[in-house]
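Before any comments, here is the structure.
Protein chains: 4
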Amino acid sequence: MEFRKSQTIYMQIADHICERILAGIIQEGERMESVREMASQTQVNPNTVMRTFSFLQEQEIIFNKRGIGYFVADDAAEKIKTMKREEFVKEYLPELFKMMQLLDIDFEELKRIYEQSKKAAAK
Amino acid sequence: MEFRKSQTIYMQIADHICERILAGIIQEGERMESVREMASQTQVNPNTVMRTFSFLQEQEIIFNKRGIGYFVADDAAEKIKTMKREEFVKEYLPELFKMMQLLDIDFEELKRIYEQSKKAAAK
Amino acid sequence: MEFRKSQTIYMQIADHICERILAGIIQEGERMESVREMASQTQVNPNTVMRTFSFLQEQEIIFNKRGIGYFVADDAAEKIKTMKREEFVKEYLPELFKMMQLLDIDFEELKRIYEQSKKAAAK
Amino acid sequence: MEFRKSQTIYMQIADHICERILAGIIQEGERMESVREMASQTQVNPNTVMRTFSFLQEQEIIFNKRGIGYFVADDAAEKIKTMKREEFVKEYLPELFKMMQLLDIDFEELKRIYEQSKKAAAK
DNA sequence: GTGGTCTAGACCACC
DNA sequence: GTGGTCTAGACCACA
């Protein structure tokens, strides 16, 4: 797994897990890979994975069965969506709107850029 | 001045200065506050302000006259716009589109949220 | 069976067994459920039950007849009471008194909380 | 500093800090020792202290000023009391009452043991 | 086998 | 100087 350096590794792993849960690749209630497994998969120190898991457990997205491993919580996908949406609206969008105003970009232009990027991705 | 913890302080100060330049509060060619003045205004370590100035100087948005102080470059506003726009399109928007897809938010909804936030700000 | 996470599972099972002995639900001299039975009842790994039994055997609360199973010792109830009382006075109470002092709780209030919890349990 | 092995070191340090705050030894708003200072004082690895601080920050008992250090929150003492009290009532007391019933100890006897332990401590 | 804690030591960005 | 992240490796209790 490749990591951007603009964000901490353990959070990138957390995001990656969340995306897999949202996409249904990991089912709710299912057992996660063990800390050591995920560490060797991602080529990362087990402590770093441990940190990811601790974070996700705090967010109640996964939970722990002692001696067995970590499991995806029943309402994990819902929790993730709520969390991400809140983050999006409260922290991300204000900056977006500010930037749009600053750069004189309106929603039409935004949409146009979006269509272009979709075409570019389709190649 | 209040700072978000998601970004470094010196960059937040840089952004703040850029906004003031774009808004015409600080004129091109005009002398900036001194490092010490700005440090005491923003309740921040002078080194941190120094770092902001160094960054803006690298971007050629301000320039230094030795022994006198920092001055806003003649084409500062234009430079800022170009810089911000590039940053916006290349780094900000891809993440935006990804988030929108992940959270099932379309442009209509985006606009709706925007209108709401404008009302909230108007209070 | 539900387990608190503040204590190990095998000790919680041990406590549960002790309580049943004190309450006379399991008679002294009587044979215990087998490790496997208890494991499936409590939804727990047989090794964990085994650990409980080993612990209780160390305390001479139960004993083993090879090939037959575990049996409650004749003076089990007495042993448990002695053990628990010692544990209570030496390890539990000092912490209780410290907490009471720290939180400004006196015996009157303790009693009051007790009465309340009894009412709540009576529902 | 000496540590019991029945609890994790980082939590014992956290408790110790909380007690010092409650006792007024560390004032609210005051800066804490740095991670490295406290690590060398307590003869513990800096990472362990870091863990303590992270925990206390989550509990909003201390907060961080970037590049400067950790500071005691304004309502730290109140937060600690609330937290400890809740923990005491919900997790500690139920066990106490159960034990008292099991061991036939009433509040009079509890008080008597308390007075004794106070005398013993006074020596 | 599992997670959890701890140590030692490195490197980094930031103040 | 500050905290924060990461690695490597050890040890432990528990299932």
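Residue numbers (our numbering), protein chains in the order written: chain A, 1497 to 1619; chain B, 1497 to 1619; chain C, 1497 to 1619; chain D, 1497 to 1619.
Beta carbons are placed, not taken as given, at the ideal position from N, Cα and C, and that holds for glycine.
Task: Backbone secondary structure at Lys1586 (chain A) - three-state DSSP - done: Taking the first sequence and counting its residues from 1, one reaches residue 1586 (chain A) at position 90. In the structure shown, Lys1586 (chain A) sits in a helix (DSSP, three-state: H, G or I).
Task: Closer than 9 Å to chain D by CB, Ile1558 (chain B) - done: Position 62 of the second sequence holds residue 1558 (chain B). No, Ile1558 (chain B) does not count as interfacial toward chain D.
TODO: Spell out whether any CB of chain C is found under 9 Å from the CB atom of Arg1532 (chain A).
DONE: Working through the first sequence from its first residue, we reach residue 1532 (chain A) at position 36. No, Arg1532 (chain A) does not count as interfacial toward chain C.
TODO: With 9 Å as the threshold, decide whether the Cβ of Gly1525 (chain D) is near any Cβ in chain B.
DONE: Here residue 1525 (chain D) is taken as the residue at index 29 of the fourth sequence, counted from 1. Not one chain B Cβ lies under 9 Å of Gly1525 (chain D).
TODO: Please look up how many angstroms separate the CB atoms of Met1528 (chain A) and Tyr1566 (chain A), rounded, as I've assumed it's under 8 Å.
DONE: Taking the first sequence and counting its residues from 1, one reaches residue 1528 (chain A) at position 32. Taking the first sequence and counting its residues from 1, one reaches residue 1566 (chain A) at position 70. Their Cβ separation, rounded to whole angstroms, is 4 Å, which keeps Met1528 (chain A) and Tyr1566 (chain A) in contact under 8 Å.
Task: Secondary structure of Phe1551 (chain C), DSSP reduced to three states - done: Counting from 1 along the third sequence, the entry for residue 1551 (chain C) is found at position 55. Here Phe1551 (chain C) sits in helix by DSSP.
Task: Ile1522 (chain B) versus Thr1538 (chain B): straight-line alpha-carbon distance, rounded - done: Position 26 of the second sequence, counted from the first residue, corresponds to residue 1522 (chain B). Position 42 of the second sequence, counted from the first residue, corresponds to residue 1538 (chain B). So the two alpha carbons sit approximately 17 Å from each other.
TODO: Just the C-alpha distance for Phe1549 (chain B) and Ala1510 (chain B), rounded to the nearest angstrom, thanks.
DONE: Reading the second sequence from its first residue, position 53 is the one you call residue 1549 (chain B). Reading the second sequence from its first residue, position 14 is the one you call residue 1510 (chain B). Rounded to whole angstroms, Phe1549 (chain B) to Ala1510 (chain B) spans 8 Å at the Cα level.
Open item on the list: Just to confirm before moving on: does the CB-CB distance between Tyr1610 (chain B) and Phe1603 (chain A) stay below 9 Å?
Closed with: If you number the second sequence from 1, residue 1610 (chain B) lands on position 114. If you number the first sequence from 1, residue 1603 (chain A) lands on position 107. Closer than 9 Å, so yes.
Task: Contact the region 1501-1520 of chain A vs the region 1575-1585 of chain A: 3+ CB pairs below 8 Å - done: yes
Task: Reduced DSSP secondary structure (H/G/I, E/B, other) of Val1540 (chain B) - done: Counted from its first residue, the second sequence places residue 1540 (chain B) at position 44. Looking at Val1540 (chain B) - three-state DSSP - the assignment turns out to be coil, as it is neither helix nor strand.
TODO: Label Ala1616 (chain A) either buried or exposed according to how many other C-beta atoms from any shown protein chain fall within 10 Å of its C-beta, with 16 as the threshold for buried.
DONE: Position 120 of the first sequence, counted from the first residue, corresponds to residue 1616 (chain A). That one is exposed.
Open item on the list: Would Ile1601 (chain C) pass as an interface residue toward chain D - the criterion being a Cβ-Cβ separation below 9 Å?
Closed with: For the purposes of this step, residue 1601 (chain C) is taken as residue 105 along the third sequence, with counting starting at 1. So yes, Ile1601 (chain C) belongs to the interface.
TODO: May I have a chain-ordered list of the beta strand (DSSP E) segments no shorter than 3 residues that lie completely inside the region 1498-1523 of chain D?
DONE: none
Task: Straight-line gap, Glu1582 (chain C) to Leu1606 (chain C) (C-alpha atoms, nearest Å) - done: Taking the first residue of the third sequence as position 1, residue 1582 (chain C) is located at position 86. Taking the first residue of the third sequence as position 1, residue 1606 (chain C) is located at position 110. If you take the alpha carbons of Glu1582 (chain C) and Leu1606 (chain C), they lie about 22 Å apart.
Task: Between the CA atoms of Arg1547 (chain C) and Met1507 (chain C) - distance to the nearest angstrom - done: What you label residue 1507 (chain C) is simply residue 11 of the third sequence in a count that begins at 1. What you label residue 1547 (chain C) is simply residue 51 of the third sequence in a count that begins at 1. About 9 Å.
TODO: Would you kindly report the start and end of the unbroken beta strand (DSSP E) that includes Ile1558 (chain A)?
DONE: In the first sequence, counting from the first residue as 1, residue 1558 (chain A) sits at position 62. Counting along the chain, the beta strand (DSSP E) containing Ile1558 (chain A) begins and ends at Ile1558 to Lys1561.
Task: Asp1592 (chain C) and Leu1592 (chain D) closer than 9 Å at C-beta - done: In the third sequence, the residue the question calls residue 1592 (chain C) occupies position 96. In the fourth sequence, the residue the question calls residue 1592 (chain D) occupies position 96. Sequence check: residue 1592 (chain C) is Leu here, not Asp. Yes, the Cβ-Cβ distance between Leu1592 (chain C) and Leu1592 (chain D) is below 9 Å.
Open item on the list: Going by DSSP, what residue range makes up the beta strand (DSSP E) through Gly1565 (chain A)?
Closed with: On the first sequence, position 69 is the one that residue 1565 (chain A) refers to. Where Gly1565 (chain A) is concerned, the enclosing beta strand (DSSP E) stretches over Gly1565 to Val1568.
Open item on the list: I want to see whether chain A comes within less than 9 Å of Ile1505 (chain C), judged by CB atoms only; does it?
Closed with: For the purposes of this step, residue 1505 (chain C) is taken as residue 9 along the third sequence, with counting starting at 1. With 9 Å as the cut-off, Ile1505 (chain C) counts as an interface residue toward chain A.
Open item on the list: Strictly below 7 Å CB to CB, what residues from chain C border Gly1581 (chain D)?
Closed with: Here residue 1581 (chain D) refers to the residue found at position 85 of the fourth sequence. Just to set this straight, residue 1581 (chain D) is Arg in the shown sequence, not Gly. Per Cβ cutoff of 7 Å: Leu1599.
- [ ] Given a cut-off of 9 Å, decide if Glu1556 (chain A) and Ala1569 (chain A) are closer than it, judged by their beta-carbon atoms.
- [x] As a working mapping, residue 1569 (chain A) is identified with position 73 in the first sequence. As a working mapping, residue 1556 (chain A) is identified with position 60 in the first sequence. Yes, the pair counts as a contact, with Cβ atoms nearer than the cut-off.
Open item on the list: Closest to Gln1612 (chain C) by C-alpha separation, out of D:Phe1559, D:Lys1561, D:Cys1514 and D:Val1585, would be which residue?
Closed with: By one-based count along the third sequence, residue 1612 (chain C) stands at place 116. Taking only the C-alpha atoms, the option nearest Gln1612 (chain C) is D:Val1585.
- [ ] Check each candidate in A:Lys1614, A:Gln1597, A:Ile1513 and A:Ile1558 and name the one with the smallest Cα separation from Pro1590 (chain B).
- [x] As a position in the second sequence, residue 1590 (chain B) is number 94, starting the count at 1. Ranking A:Lys1614, A:Gln1597, A:Ile1513 and A:Ile1558 by Cα distance to Pro1590 (chain B) puts A:Lys1614 first.
Task: Per DSSP, cross-strand counterpart(s) of Arg1527 (chain B) - done: Looking up residue 1527 (chain B) in the second sequence gives position 31. Partner(s): B:Phe1567.
- [ ] Reducing DSSP to helix, strand and coil, say where Leu1598 (chain D) ends up.
- [x] Start at 1 with the first residue of the fourth sequence, and residue 1598 (chain D) comes out as number 102. DSSP places Leu1598 (chain D) in helix when its eight states are reduced to three.
Open item on the list: If we define contact as Cβ-Cβ less than 9 Å, is Tyr1588 (chain C) a contact residue for chain D?
Closed with: Reading the third sequence from its first residue, position 92 is the one you call residue 1588 (chain C). Closer than 9 Å to some Cβ of chain D, the Cβ of Tyr1588 (chain C) qualifies, so yes.
Open item on the list: Let's test the definition: count the other Cβ atoms within 10 Å of the Cβ of Ala1618 (chain C) and tell me whether it reaches 16, buried, or not, exposed.
Closed with: Taking the third sequence and counting its residues from 1, one reaches residue 1618 (chain C) at position 122. That one is exposed.
TODO: Could you check if Ile1564 (chain A) is buried or exposed, using at least 16 other CB atoms within 10 Å of its CB as the buried criterion?
DONE: On the first sequence, residue 1564 (chain A) is found 68 positions in, with the first residue counted as 1. It counts as exposed.
Open item on the list: Can you pull the chain B neighbours of Arg1562 (chain D), defined as C-beta to C-beta under 7 Å?
Closed with: By one-based count along the fourth sequence, residue 1562 (chain D) stands at place 66. Those within 7 Å of Arg1562 (chain D) in chain B are Ile1505.
TODO: Using a cut-off of 9 Å between C-beta atoms, extract the partners of Leu1518 (chain C) located in chain D.
DONE: Reading the third sequence from its first residue, position 22 is the one you call residue 1518 (chain C). Ordered by position in chain D, the residues that pass the 9 Å Cβ test against Leu1518 (chain C) are Leu1598.
Open item on the list: Restricting to Cα atoms, I'd like to know which of D:Cys1514, D:Gln1503 and D:Asn1560 is closest to Lys1580 (chain D).
Closed with: The sequence position of residue 1580 (chain D) within the fourth sequence is 84, counting from 1. Among D:Cys1514, D:Gln1503 and D:Asn1560, the Cα nearest to that of Lys1580 (chain D) belongs to D:Cys1514.
Task: Under 7 Å from the C-beta of Ile1609 (chain D): neighbouring residues of chain C - done: Taking the first residue of the fourth sequence as position 1, residue 1609 (chain D) is located at position 113. Those are Val1585 and Leu1589, listed as they occur along chain C.
- [ ] Could you tell me whether the Cβ of Lys1577 (chain C) comes closer than 9 Å to any Cβ of chain D?
- [x] Translated into positions along the third sequence, residue 1577 (chain C) becomes position 81. Cβ-Cβ to chain D under 9 Å: yes for Lys1577 (chain C).
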